[in-house]
Structure formats: C-alpha cells, structure tokens
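This report concerns only the one structure given below.
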C-alpha cells in the first residue's frame with residue numbers, strides 16, 4: 001500500500017463513519033417526523049362536565065408550556081398523556097412539552113428555577129423544598145390516598161411490621177425514610193430499630209435476591225410487577241400503620257408562575273383534569289393512550305404493556321374516591337403528614353439545621369382546578 | 001501474518017466463550033432468579049426480538065458519540081499544540097486541565113441540563129468532557145518527546161517554528177496521540193449513554209433507564225451488549241486507522 005493511499009484511508013474512514021452515522025440519524029428523524037401514530041380514538045367528554053368547555057378547535061396562537069416528569073412515563077402520568085392524545089392542551093391554546101425524567105435534576109428544581117412551568121413531585125419533596133427556600137406549590141393531588149407500602153417476601157416469615165426490628169431495609173436515601181419506617185414498626189409494637197441501606201439499584205431486585213429484608217414501594221407499580229412475575233409478598237400499606245395519609249404524587253408549579261400566568265395554569269389544569277377524569281372511568285383505553293404516546297416519543301418506553309394495563313386497573317379507581325372530583329386536596333392531609341416529618345427531624349434547611357415549623361397552607365391550592 | 005494476528009485473539013475468545021457457558025449453566029441450574037441475572041441465551045433472544053427499537057435508540061447515541069469524539073479530537077490536538085507553544089501557557093493551563101477532570105461529572109451534567117437543556121448540545125459537551133482530556137494530555141506529551149537532535153537539525157536548516165511542528169513534531173507525536181485516542185474512544189460511548197441517562201428523549205441511555213424502571217432485565221442486558229459492541233467496534237476502527245497511518249510504528253509494536 002502506498003503512503004498516499006494510507007493517508008487517504010486514514011482520513012477517509014473517519015469521514016465516512018461520520019457521514020454514515022449522521023445520515024442514518026437524519027433519515028430516521030425524517031421518517032419519524034412523517035410517520036402517523038396508529039389508530040386514534042376520539043373521546044367526547046360527558047355532557048354537563050367542565051370538560052365540554054374545551055373548544056373543539058385549537059386557537060391559532062399556542063403558548064408553550066414545559067412540564068417536568070418525576071420518573072419515566074408511568075400510570076401516575078396517564079391523565080396527562082390522555083389529554084395530549086386527545087389534543088386537549090392544544091385546544092386550550094397550550095403547546096405542552098414534556099421534559100423527560102432526569103436522575104440528577106428534580107422537577108422541583110426545574111420548576112422553581114423557571115425551566116419548567118409545572119411538574120410532578122410529592123408532599124415530601126414540596127415540604128423539603130419549602131425548608132430549603134426553593135418554594136413550589138401543589139396544585140393537584142394525582143392520587144387521593146397514599147398507595148405506598150412496606151413489603152417483605154411472603155416466605156421470609158416477616159408477617160407484620162413489628163417483625164422488622166433488627167432487619168435490613170433497602171432505602172432510597174431520603175432523610176425522612178428512617179422516621180416513617182421506624183414509626184410503622186413502633187405502632188405495631190416493635191422497637192423501630194433496623195439497618196437502613198441506601199440502594200441505587202432496583203430495590204425489588206435486592207429484595208428478591210434476599211440481600212435486604214424489606215423495602216418501601218408503590219402498590220400500583222412494584223407490587224403489581226411482583227404479582228405478575230409470581231413473587232409472593234407481604235404488603236403493609238403505610239397508612240394502615242399510623243402514618244398520616246398524604247398525597248403523592250402531586251402536580252406542582254412555582255409561586256412566580258401562579259402570580260404571572262394564572263390563566264395558563266387554569267387552562268392547563270382543565271385539560272389535565274379531563275385527562276384524569278377520563279382515565280378514572282376508562283382504564284384500558286387510557287392506558288393504551290399512555291403506551292402509544294410514550295412509545296411514539298421514545299420507542300421502547302414500555303417493554304411490558306401488560307404491566308401498564310394491570311397497574312392502570314389498580315390506579316384508575318384510586319385517582320379519586322367515588323363521587324369526588326379529581327385533584328382536590330384537603331387541609332387535613334396538608335397538616336398531618338408534613339407535621340409528622342417535621343417532628344421526625346428529617347427536614348433540613350439550607351444550612352443543614354432541622355426545621356420544626358412552616359406554614360403548610362402556602363404549599364397547596366385548589367384554585368386552578370376546574 | 002494476518003492469520004497469526006487473528007489467532008492472537010484466540011485465548012480471549014476461548015475465555016469469553018467459557019465465561020458465557022458457565023454463566024448460562026449457572027442461571028439454568030436455578031442458582032439465581034432470571035429476573036436478577038438472565039442467561040446469555042435469553043439476552044441474545046431479547047436483543048433479536050427488540051432489535052428494531054434498540055436500533056432506533058442506538059442512532060442518537062452513535063451520533064452523539066461520533067460527533068463528540070470528533071470535536072474532542074480537534075479540541076484536544078489544538079490544546080496540545082497550545083500547551084507546547086510556550087512554557088508559560090503550559091504552566092498556566094495544565095494544572096487547570098487536570099483539575100477539570102477531578103470534578104464529578106454528575107454535577108456538571110445537572111448544571112448542563114439547567115443551562116442548555118435536553119437537546120444534543122448538552123450531550124455533546126459531556127462526551128467532549130469525557131474524551132478530550134486523554135487526547136490532549138497524550139498529544140502534548142508526544143509533542144514534548146521529540147528527539148532534540150531532529151529539532152536542532154531543522155533549525156540549522158532555517159526551518160520556521162510551524163515547519164518544525166508540521167514536519168517533525170506532529171508526526172512524532174502521532175503514536176502518543178493514538179494511545180490517547182484509544183482511551184478516549186472507550187470512554188466515548190459510555191459518555192454518551194451517561195449523558196442520556198441524566199435526561200433526554202431518545203438513546204440507549206434512555207432505553208436502559210426505561211427498561212430498568214419496567215423491570216425488563218433482559219432488555220437492560222441487551223442494551224449493555226449493544227453498548228459494549230459499539231465501544232469495541234469504535235476501538236477497532238481507531239486501531240485500524242492507526243495501523244494505516246503509522247505502519248512503521250504498529251509494525252514495531254506487534255514485533256515487540
């Protein structure tokens with residue numbers, strides 16, 4: 001091989017590689033842009049409901065709105081995906097962008113820094129934000145009652161919370177975890193002493209491989225997945241063991257946003273509410289819209305659609321109690337649990353000192369619900 | 001000669017096959033739940049069954065990797081030449097360059113998301129951060145290691161600073177440059193995957209995250225296989241180019 005050929009090959013191969021890769025990428029982008037998304041079910045809102053107020057056609061001017069997700073798409077987000085699939089945001093004059101979940105930037109940070117107009121968080125998160133001086137406000141409760149639970153393997157012999165004394169707990173590193181878990185064990189007659197191991201891996205895997213004895217998970221996702229894969233669990237819902245009921249997840253926005261764009265938030269919450277109201281009564285169709293929409297944005301979002309349907313069947317009746325409107329929050333829930341975690345000493349301010357009181361009523365509002 | 005070069009991979013292949021067989025046997029014997037560690041055969045089947053979706057997610061990752069690596073090469077080489085220009089520049093920049101590598105990249109990633117957003121730019125920056133340091137340092141060391149006699153010779157022939165750089169120093173720095181590049185290449189795919197994991201729409205990092213959150217462990221492993229294969233392919237390509245560009249050097253290395 002001559003030196004000249006060698007030189008040309010050494011330059012040509014990388015150039016060719018770049019052309020092929022970028023070309024394939026652009027071609028894929030174009031193909032994705034021109035593709036139409038499967039069958040489209042058009043939903044007519046029930047007569048008499050607020051949802052009939054949504055105009056049938058979109059206004060010519062759309063306001064862009066960024067919405068930060070708290071996790072990869074799941075059945076907590078179904079109502080938002082339904083409203084997206086039905087173009088209800090567009091009809092309300094909103095061009096809604098979903099900001100994907102980030103493991104290093106929480107929706108709370110995105111919302112309080114103005115990078116997102118609204119997002120998904122939890123009561124614990126909102127209380128911690130207020131203590132740190134980056135206030136956010138809950139404008140809806142996505143699920144009316146807490147659906148989290150401590151679980152053990154059925155064959156572990158740990159059949160009630162007081163058996164958990166001295167056992168290994170696989171946690172997620174939140175400061176209030178120890179207080180909540182300890183309280184549950186004490187309420188059941190135990191001492192409330194256990195080893196807390198913070199895991200960054202899937203806690204259910206660690207549980208199934210017997211590396212830890214119990215974890216704190218959501219019934220609507222992890223417990224359903226365990227049932228589907230034939231793992232038998234003992235489930236101790238936390239609100240059955242003396243922990244005050246509270247909302248998780250919540251839809252949040254920032255105080256600045258409330259001051260500057262109340263009308264946008266009202267329109268956003270109308271479309272969102274209609275999405276969740278639809279999902280309450282149409283679990284299967286709503287789950288299908290979540291799957292279709294999320295897979296169109298990111299192929300492979302739901303490797304196991306059966307899990308989504310099963311989870312939706314669990315969650316749809318739990319978005320709100322029968323006869324109650326979706327999203328409403330009560331003062332009682334905003335005083336009980338927040339005070340409980342403040343008392344536990346698990347909430348710290350920016351300088352690391354425990355916070356013992358705050359004005360809880362500044363943390364939530366129902367004013368944007370239709 | 002070709003055959004012998006190929007045969008030199010023999011032990012690695014035998015070892016890899018042995019590990020895979022042991023792994024398969026271990027899982028099949030029921031020692032571990034397939035939901036924790038799937039067998040290699042199950043991973044392969046999962047890879048084949050989900051290939052279309054994995055391919056869809058592979059392209060964005062590959063674009064970030066290749067473009068990021070390319071920009072890192074250009075930046076790394078320019079920086080190396082700058083460092084070599086004068087002792088002062090070197091003394092000023094080099095410590096900062098090393099310090100920049102001690103910052104945990106997770107924190108930088110979070111800031112990039114807030115400043116720049118979720119598009120390809122923030123991902124390119126992360127890949128560049130991962131890749132340009134080994135290239136710049138290796139290349140700078142290469143430039144500094146030229147035999148002084150050669151430079152004296154060119155100076156005696158009245159060569160300019162740039163002529164010396166172009167005719168003697170850059171060619172002499174090439175072996176070091178390729179060493180740095182090979183290290184950077186192995187980082188590049190992981191860098192791109194990590195940047196997506198931090199937050200993004202599409203890509204192997206996102207696929208990995210979603211498969212994990214849906215408990216689809218087979219697909220998590222399938223994605224890992226693809227990530228490794230891409231890294232190895234890119235590494236092989238760099239080695240091939242090195243062979244083409246520096247036949248004298250790689251010949252000597254193989255003989256040693």
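Residue numbers (our numbering), protein chains in the order written: chain A, 1 to 370; chain B, 1 to 256.
A virtual CB, placed ideally from N, CA and C, is assigned to each residue, including glycine.
In this text, all values refer to a predicted model and were calculated from it rather than measured experimentally.
Proximity test, Cβ basis, 9 Å: residue i and chain A
| i | result |
| --- | --- |
| residue 239 of chain B | no |
| residue 38 of chain B | no |
| residue 56 of chain B | yes |
| residue 142 of chain B | no |
| residue 199 of chain B | yes |
| residue 53 of chain B | yes |
| residue 202 of chain B | yes |
| residue 229 of chain B | no |
| residue 136 of chain B | no |
| residue 247 of chain B | yes |
| residue 206 of chain B | yes |
| residue 254 of chain B | For residue 254 of chain B, the predicted structure reports a pLDDT of 49, less than 50, and the residue's modelled location is therefore unreliable. The matter cannot be settled from this model. |
| residue 215 of chain B | yes |
| residue 129 of chain B | no |
| residue 50 of chain B | yes |
Contact under 9 Å by Cβ, residue i with residue j
| i | j | result |
| --- | --- | --- |
| residue 86 of chain A | residue 269 of chain A | no |
| residue 228 of chain A | residue 189 of chain A | no |
| residue 135 of chain B | residue 181 of chain B | yes |
| residue 349 of chain A | residue 355 of chain A | yes |
| residue 296 of chain A | residue 311 of chain A | no |
| residue 18 of chain A | residue 59 of chain B | no |
| residue 246 of chain B | residue 226 of chain B | no |
| residue 226 of chain A | residue 83 of chain A | no |
| residue 127 of chain A | residue 338 of chain A | yes |
| residue 303 of chain A | residue 211 of chain B | yes |
| residue 344 of chain A | residue 154 of chain A | no |
Cβ shell of residue i (< 7 Å), same chain only, five flanking positions each side left out
| i | result |
| --- | --- |
| residue 206 of chain A | 170, 199, 212 |
| residue 256 of chain B | Confidence is the limiting factor: at residue 256 of chain B the pLDDT is only 39, short of 50, which leaves the residue's position unreliable, though a coordinate-based value still follows. Within the same chain, residue 256 of chain B has no close Cβ partners at all. |
| residue 129 of chain A | 108, 112, 135, 136 |
| residue 116 of chain A | 66, 67, 68, 99, 107, 110 |
| residue 133 of chain A | 350 |
| residue 137 of chain B | 180 |
Per-residue burial, residue i [other beta carbons within 10 Å of its own, 16 or more giving buried]
| i | result |
| --- | --- |
| residue 119 of chain A | buried |
| residue 144 of chain A | buried |
| residue 41 of chain B | exposed |
| residue 36 of chain A | At residue 36 of chain A, the pLDDT of 47 sits below 50, so the modelled position is not reliable; the number obtained from the coordinates is stated separately. Residue 36 of chain A comes out exposed. |
| residue 130 of chain B | buried |
| residue 28 of chain B | exposed |
| residue 359 of chain A | exposed |
| residue 11 of chain B | exposed |
| residue 88 of chain A | buried |
| residue 167 of chain B | exposed |
| residue 238 of chain B | buried |
Residue i at chain B interface by Cβ criterion, 9 Å
| i | result |
| --- | --- |
| residue 225 of chain A | yes |
| residue 362 of chain A | no |
| residue 117 of chain A | no |
| residue 107 of chain A | no |
| residue 351 of chain A | no |
| residue 342 of chain A | no |
| residue 216 of chain A | no |
| residue 13 of chain A | yes |
| residue 136 of chain A | no |
| residue 371 of chain A | Here chain A comprises residues numbered 1 to 370, so residue 371 of chain A is not present and cannot be evaluated. |
Neighbourhood of residue i by C-beta, 8 Å cutoff - its chain only, sequence neighbours within 5 removed
| i | result |
| --- | --- |
| residue 35 of chain B | 215, 217 |
| residue 32 of chain B | 26 |
Close Cβ partners of residue i (< 6 Å) along its chain, the five nearest in sequence each way excluded
| i | result |
| --- | --- |
| residue 55 of chain A | 91 |
| residue 77 of chain B | 139 |
| residue 132 of chain B | 72, 75, 76 |
| residue 9 of chain B | none |
| residue 230 of chain B | 189 |
At least 3 beta-carbon pairs within less than 8 Å: the region 76 to 84 of chain A vs the region 276 to 283 of chain A: Two segments are said to touch when three or more pairs of C-beta atoms, one from each, lie closer than 8 Å; by this definition the region 76 to 84 of chain A touches the region 276 to 283 of chain A.
Cβ contact (3+ pairs, closer than 8 Å) linking the region 160 to 173 of chain B and the region 136 to 145 of chain B: Counting Cβ pairs under 8 Å, three or more are found: they touch.
Stretch pair the region 108 to 115 of chain B + the region 191 to 207 of chain B: three plus CB contacts closer than 8 Å: Yes, the region 108 to 115 of chain B touches the region 191 to 207 of chain B.
Stretch-stretch touch, CB-based, cutoff 8 Å, three pairs: the region 238 to 258 of chain A with the region 137 to 144 of chain A: They touch, by the three-pair rule.
At least three beta-carbon pairs within less than 8 Å, the region 94 to 108 of chain A to the region 312 to 329 of chain A: In short, these stretches do not touch, since the Cβ pair count stays below three.
contact_flag[the region 153 to 168 of chain B, the region 90 to 103 of chain B] where n(CB pairs < 8 Å) is 3 or more: The region 153 to 168 of chain B, when compared against the region 90 to 103 of chain B, does not touch it at the 8 Å Cβ threshold.
Three-pair Cβ contact test at 8 Å for the region 222 to 240 of chain A versus the region 326 to 333 of chain A: Touching, no, given that fewer than three Cβ pairs across the two stretches are closer than 8 Å.
Cβ pair count under 8 Å reaching 3, the region 61 to 72 of chain A against the region 83 to 97 of chain A: For the pair of segments examined, the region 61 to 72 of chain A was found to touch the region 83 to 97 of chain A: the number of CB pairs separated by less than 8 Å reaches three.
Stretch pair the region 182 to 191 of chain B + the region 228 to 241 of chain B: three plus CB contacts closer than 8 Å: Contact between the region 182 to 191 of chain B and the region 228 to 241 of chain B is established, with three or more Cβ pairs separated by less than 8 Å.
The region 239 to 246 of chain B touching the region 69 to 78 of chain B, judged by at least three CB pairs closer than 8 Å: Contact fails: fewer than three Cβ-Cβ distances are below 8 Å.
The region 9 to 19 of chain B / the region 153 to 162 of chain A touching (three or more Cβ pairs under 8 Å): In short, these stretches do not touch, since the Cβ pair count stays below three.
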